[in-house]
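*Asks:* Following this message is one structure expressed as structure tokens.
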Amino acid sequence: MPGDPARPTSSSTLTLRLHDSATGQVRPLALRQAGEVSMYVCGPTVYDVPHLGHGRFTLVFDVLRRYLRFVGLRVRYVSNVTDVDDKILERARQEGCPATEVAARYEAVWWEAMAQLAVERPDEVPHATAWVPQMVALVEELVAKGAAYEAPDGVYLDVSRVPDYGLLALQPLASLRAGARVAGGEAKRHPFDFALWKKVPGTQDQVSWPSPFGPGRPGWHTECVVMSLGLLGEGFDLHGGGQDLRFPHHENERAQAVALGRAFARHWVHNGFVEVEGQKMSKSLGNFTSLPDLLAQADPRAYRLLVLRSHYRRPLEVTPATVGDAESGLARLDALARRFPEAVAAGAQVDRASEAIRAGVPAAALEGFCRAMDEDLDTPGALAGIFELVRQAHQAADAGQENEALGLARAVGCLAGALGLALGDHALGPGRTEPDEEAKALLAARDEARQARRFEEADRLRDELAARGWTVEDSPEGSRLRPR
RNA sequence: GGCGGCGUGGCCGAGUGGUUCAGGCAGGGGCCUGCAAAGCCCUUCACCCGGGUUCGAUUCCCGGCGCCGCCUCCA
Numbered sequence: 001m002p003g004d005p006a007r008p009t010s011s012s013t014l015t016l017r018l019h020d021s022a023t024g025q026v027r028p029l030a031l032r033q034a035g036e037v038s039m040y041v042c043g044p045t046v047y048d049v050p051h052l053g054h055g056r057f058t059l060v061f062d063v064l065r066r067y068l069r070f071v072g073l074r075v076r077y078v079s080n081v082t083d084v085d086d087k088i089l090e091r092a093r094q095e096g097c098p099a100t101e102v103a104a105r106y107e108a109v110w111w112e113a114m115a116q117l118a119v120e121r122p123d124e125v126p127h128a129t130a131w132v133p134q135m136v137a138l139v140e141e142l143v144a145k146g147a148a149y150e151a152p153d154g155v156y157l158d159v160s161r162v163p164d165y166g167l168l169a170l171q172p173l174a175s176l177r178a179g180a181r182v183a184g185g186e187a188k189r190h191p192f193d194f195a196l197w198k199k200v201p202g203t204q205d206q207v208s209w210p211s212p213f214g215p216g217r218p219g220w221h222t223e224c225v226v227m228s229l230g231l232l233g234e235g236f237d238l239h240g241g242g243q244d245l246r247f248p249h250h251e252n253e254r255a256q257a258v259a260l261g262r263a264f265a266r267h268w269v270h271n272g273f274v275e276v277e278g279q280k281m282s283k284s285l286g287n288f289t290s291l292p293d294l295l296a297q298a299d300p301r302a303y304r305l306l307v308l309r310s311h312y313r314r315p316l317e318v319t320p321a322t323v324g325d326a327e328s329g330l331a332r333l334d335a336l337a338r339r340f341p342e343a344v345a346a347g348a349q350v351d352r353a354s355e356a357i358r359a360g361v362p363a364a365a366l367e368g369f370c371r372a373m374d375e376d377l378d379t380p381g382a383l384a385g386i387f388e389l390v391r392q393a394h395q396a397a398d399a400g401q402e403n404e405a406l407g408l409a410r411a412v413g414c415l416a417g418a419l420g421l422a423l424g425d426h427a428l429g430p431g432r433t434e435p436d437e438e439a440k441a442l443l444a445a446r447d448e449a450r451q452a453r454r455f456e457e458a459d460r461l462r463d464e465l466a467a468r469g470w471t472v473e474d475s476p477e478g479s480r481l482r483p484r
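If you read the first sequence in the UniProt record's numbering, its first letter stands for residue 1, the second for the next number, and so on.
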């Protein structure tokens, strides 16, 4: 096919450039193995309901994952669930129930929210509690190498043994130290030494595992090292998470791998915060909106659109107003899907760029999309292109250029789909799907009345439909119904 | 104190050394429509301040002001 864009459809040459937190530069994502991407994204600690920040990072990495697959790569996506942690234990204590119950409950809430957001389930979801023996082995190895030491209350990594500690913080250990505060009660040597293993006194009723250092539980920074290396192997391609994980969490993961002499993530990707009134949304600030709350109030796709509309590294303002904006924008996309249902659906079936042209997606549309996405995941640019296609499709149809309109509509379905956005009324969610028989009958009766120029009757029927929750749209292609 | 980032039109949010300065939402006008809805066309509104570099800066440099984040559990 002429104009077939070989570049974005090749599976062996990836042209994606991504910002790497370790260098501060946007640089090509250089894969360990051509055609395959291994990515690890730090998942939730399941001690409470997820908030909008969790929603953002999962959407960002879901989009990255989908795009990598779209351009022809095999993606292995691993994201953990931290199911043992001080916060979970604290919650269990408050509620007087087992920690495992707390973790199970909030993990269920998590997956329900993910399903609503249409975030695809990771290929692997390692749980910290299932990897404790491996973590113990890792701690032992670090101690044996002299990079970690045992103290009365636990085992700590000696950050002074990690030459480039501070890489992800973009400053050397010495300058970090200036602002460091030592947590009280911890028997560590250096303020930045961190717990690999927390000893649990045997008499206390707490969750613990046996170890050569006595009963205890793993430190948070250890699980991701063990699980990422265990599932993806050394030198895996990409490690991601929210900006706040950059330091100290990711720094400390890296430090362990460096101390062990094992190659770790080749590329570090961090997304920006969700903000409210210009301030970071976080549990500790108490200004968070829970993800389930948002999803109950708005079309879940609106949040995806809102997230896509800004660049992933920038802060994102989430308010009822911005969510409402996104819903209006979504309505514009859905309107196209209503006008060209088959074409948009056909486009959405295409899940590889390499198949898009054959499926009737204009090459220029595909190229523009990939050009934007390849430049550090420019989803705002990609989205702008999609909205442009929407306009062109309507234009072409209004001008009677049917084939051109259908091609553009297919492109919209395909590219929105590549971003994880399903379009059309069927995507609106429960209770807002297809018109029932009665509604269809009313619409037919109205068509008849209009045909006969009995406009009073037609308007009465339209009111009737409105009362049942349907808005009537007339078009050259005929009349149709839209949920209000 | 150290480090990083940001300040764009009514709102959200991209981007660029200069000519048509993305896109969405909202506003105004028009077309279409029996009337609407949807759509199309046109349109209002812009680059924090002060210097500098330049033929020319919103875009580069310096200074200022303001805001935010990390350095502590945090997506």
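Here a beta-carbon is modelled for each residue, glycine too, at the ideal position from N, C-alpha and C.
Just so you know, these numbers come straight off a predicted model, no measurement behind them.
Between which two residues does the beta strand (DSSP E) harbouring LEU73 extend?
*Replies:* By one-based count along the first sequence, residue 73 stands at place 73. Looking at the DSSP string, LEU73 is not in any beta strand (DSSP E), and its letter there is neither H nor E.
*Asks:* Please report how far the alpha carbon of PHE247 lies from the alpha carbon of VAL26, in whole angstroms.
*Replies:* Counting from one through the first sequence, the residue named residue 247 turns up at place 247. Counting from one through the first sequence, the residue named residue 26 turns up at place 26. Those two C-alpha atoms are separated by around 19 Å.
*Asks:* Closest to ASN80 by CA distance: which of GLU140, GLY230, PRO292 and PRO341 is it?
*Replies:* Numbered from 1 along the first sequence, position 80 holds the residue referred to as residue 80. Checked all of GLU140, GLY230, PRO292 and PRO341; the closest Cα to ASN80 is GLY230.
*Asks:* Expressed to the nearest angstrom, what Euclidean distance is found between the alpha-carbon atoms of VAL71 and ALA99?
*Replies:* In the first sequence, counting from the first residue as 1, residue 71 sits at position 71. In the first sequence, counting from the first residue as 1, residue 99 sits at position 99. Approximately 42 Å between the Cα atoms of the pair.
*Asks:* If contact is defined by three or more beta carbon pairs under 8 Å, each pair taking one atom from either stretch, is the region 408 to 425 in contact with the region 331 to 348?
*Replies:* yes
*Asks:* Pick helix, strand or coil for TRP131, following the three-state DSSP scheme.
*Replies:* Taking the first residue of the first sequence as 1, we reach residue 131 at position 131. Coil, per DSSP.
*Asks:* Could you give the distance in angstroms between the alpha-carbon of PRO2 and the alpha-carbon of ARG391?
*Replies:* The sequence position of residue 2 within the first sequence is 2, counting from 1. The sequence position of residue 391 within the first sequence is 391, counting from 1. Confidence at PRO2 is low in this model, with a pLDDT of 38, below 50, so its placement is unreliable and no value can be given for it.
*Asks:* With distances taken between CB atoms, is the gap from ARG301 to LEU330 smaller than 8 Å?
*Replies:* Residue 301 sits at position 301 when you count from the first residue of the first sequence. Residue 330 sits at position 330 when you count from the first residue of the first sequence. In this structure, LEU330 lies closer than 8 Å to ARG301 by Cβ.
*Asks:* Determine which residues share a DSSP beta bridge with SER21 and list them.
*Replies:* Taking the first sequence and counting its residues from 1, one reaches residue 21 at position 21. Paired residues: none, contrary to the question.
*Asks:* Have a look at GLY469 and PRO483 and give me their C-alpha separation to the nearest angstrom.
*Replies:* Counted from its first residue, the first sequence places residue 469 at position 469. Counted from its first residue, the first sequence places residue 483 at position 483. Their backbone Cα atoms lie some 6 Å apart in a straight line.
*Asks:* Quick check: PRO315 and GLY272, are their CB atoms within less than 8 Å of each other?
*Replies:* On the first sequence, position 315 is the one that residue 315 refers to. On the first sequence, position 272 is the one that residue 272 refers to. For PRO315 and GLY272, yes; Cβs fall inside 8 Å.
*Asks:* For HIS394, I'd like the list of residues in its chain whose CB is within less than 8 Å of its CB, leaving aside the five on either flank, ordered along the chain.
*Replies:* Position 394 of the first sequence, counting from 1, holds the residue named residue 394. Closer than 8 Å at the Cβ level, and outside the excluded window around HIS394, lie LEU336, ARG339 and ALA405.
*Asks:* Which of the three DSSP states, helix, strand or coil, is assigned to LEU316?
*Replies:* In the first sequence, the residue the question calls residue 316 occupies position 316. Here LEU316 sits in strand by DSSP.
*Asks:* Fully enclosed by the region 221 to 289, which beta strand (DSSP E) runs are 3 residues long or longer?
*Replies:* 238 to 242, 267 to 271 and 274 to 276
*Asks:* Within 8 Å, do at least three Cβ pairs link the region 114 to 129 to the region 54 to 70?
*Replies:* yes
*Asks:* Since PRO126 and MET227 are thought to touch, with beta carbons under 8 Å apart, how far apart are those beta carbons, to the nearest angstrom?
*Replies:* For the purposes of this step, residue 126 is taken as residue 126 along the first sequence, with counting starting at 1. For the purposes of this step, residue 227 is taken as residue 227 along the first sequence, with counting starting at 1. Indeed they touch by this definition, with Cβ atoms about 4 Å apart.
*Asks:* Is it true that the region 352 to 365 meets the region 403 to 418, where meeting means three or more beta-carbon pairs spaced less than 8 Å apart?
*Replies:* yes
*Asks:* Measuring CB to CB, does ALA372 end up less than 8 Å from GLY413?
*Replies:* Mapped onto the first sequence, residue 372 falls at position 372. Mapped onto the first sequence, residue 413 falls at position 413. Not in contact: ALA372 and GLY413 (Cβ atoms no closer than 8 Å).
*Asks:* With a threshold of 8 Å, are at least 3 pairs of Cβ atoms found where one atom belongs to the region 188 to 195 and the other to the region 159 to 166?
*Replies:* yes
*Asks:* Using the C-alpha atoms, what's the distance from ARG32 back to ASP374?
*Replies:* Indexing the first sequence from 1 puts residue 374 at position 374. Indexing the first sequence from 1 puts residue 32 at position 32. Taking the straight line joining both Cα atoms gives about 18 Å.
*Asks:* Which value, in whole angstroms, describes the spacing of the CA atoms of LEU295 and ALA148?
*Replies:* Here residue 295 refers to the residue found at position 295 of the first sequence. Here residue 148 refers to the residue found at position 148 of the first sequence. Roughly 44 Å separates the two Cα atoms.
*Asks:* In this structure, does DSSP put VAL81 in helix, strand or coil?
*Replies:* Within the first sequence, residue 81 is the residue found at index 81, counting from 1. VAL81: strand per DSSP, three-state reduction.
*Asks:* Just verifying my parser: in three-state terms, what is the DSSP assignment at ALA169?
*Replies:* Along the first sequence, read from residue 1 onward, the residue named residue 169 stands at position 169. Here ALA169 sits in coil by DSSP.
*Asks:* Specify the secondary structure class of LYS198 as computed by DSSP and reduced to three states.
*Replies:* One-based indexing of the first sequence puts residue 198 at position 198. Three-state DSSP puts LYS198 in a strand.
*Asks:* Who are the near neighbours of LEU89 in its chain, counting only those whose CB is closer than 6 Å to its CB and skipping five residues on each side?
*Replies:* Along the first sequence, read from residue 1 onward, the residue named residue 89 stands at position 89. If we look at LEU89 and ignore the five residues flanking it on each side, its Cβ neighbours are ALA99.
*Asks:* Quick one: Cα of ALA113 to Cα of LEU465, how far?
*Replies:* Along the first sequence, read from residue 1 onward, the residue named residue 113 stands at position 113. Along the first sequence, read from residue 1 onward, the residue named residue 465 stands at position 465. Looking at the two C-alpha atoms, the distance is approximately 33 Å.
*Asks:* Which residue wins for smallest C-alpha separation from ALA399, given the options ASP293, LEU306 and PRO476?
*Replies:* Against the first sequence, residue 399 aligns to sequence position 399. Relative to ALA399, the option among ASP293, LEU306 and PRO476 whose CA is nearest is PRO476.
*Asks:* Can you tell me the Cα-Cα spacing of VAL143 and VAL155, whole angstroms?
*Replies:* Translated into positions along the first sequence, residue 143 becomes position 143. Translated into positions along the first sequence, residue 155 becomes position 155. Approximately 8 Å, taken between the alpha carbons.
*Asks:* Would you mind reading off the limits of the beta strand (DSSP E) that contains TRP209?
*Replies:* Mapped onto the first sequence, residue 209 falls at position 209. Premise fails: TRP209 is in no beta strand (DSSP E) and is neither H nor E.
*Asks:* Which of the three DSSP states is assigned to residue 487 in this structure?
*Replies:* There is simply no residue 487 to check, as the chain begins at 1 and stops at 484 in what is shown.
*Asks:* Can you have a look at GLY96 and say buried or exposed, based on whether 16 or more other CB atoms are within 10 angstroms of its CB?
*Replies:* As a working mapping, residue 96 is identified with position 96 in the first sequence. It is exposed - the Cβ of GLY96 has fewer than 16 other Cβ atoms within 10 Å.
*Asks:* One question on the structure: do HIS221 and GLY240 come within less than 8 Å of each other, judged by their Cβ atoms?
*Replies:* Numbered from 1 along the first sequence, position 221 holds the residue referred to as residue 221. Numbered from 1 along the first sequence, position 240 holds the residue referred to as residue 240. No; because the gap between Cβ atoms is not below 8 Å, this pair is not in contact.
*Asks:* Measure the alpha-carbon distance for GLU140 versus GLN94 and round it to whole angstroms.
*Replies:* For the purposes of this step, residue 140 is taken as the residue at position 140 of the first sequence. For the purposes of this step, residue 94 is taken as the residue at position 94 of the first sequence. Answer to the nearest angstrom: the Cα atoms are 33 Å apart.
*Asks:* For TYR149, write down the residues that DSSP places opposite it in a beta bridge.
*Replies:* Residue mapping note: residue 149 aligns to position 149 of the first sequence, counting from 1. DSSP, once it has assigned bridges, lists TYR156 as partnering TYR149.
*Asks:* Is it the case that the Cβ atoms of TRP110 and GLU223 are separated by a distance below 8 Å?
*Replies:* Taking the first residue of the first sequence as position 1, residue 110 is located at position 110. Taking the first residue of the first sequence as position 1, residue 223 is located at position 223. Contact: no.
*Asks:* What number of angstroms, rounded off, separates the C-alpha of ALA255 from the C-alpha of TYR165?
*Replies:* Taking the first residue of the first sequence as 1, we reach residue 255 at position 255. Taking the first residue of the first sequence as 1, we reach residue 165 at position 165. Approximately 6 Å between the Cα atoms of the pair.
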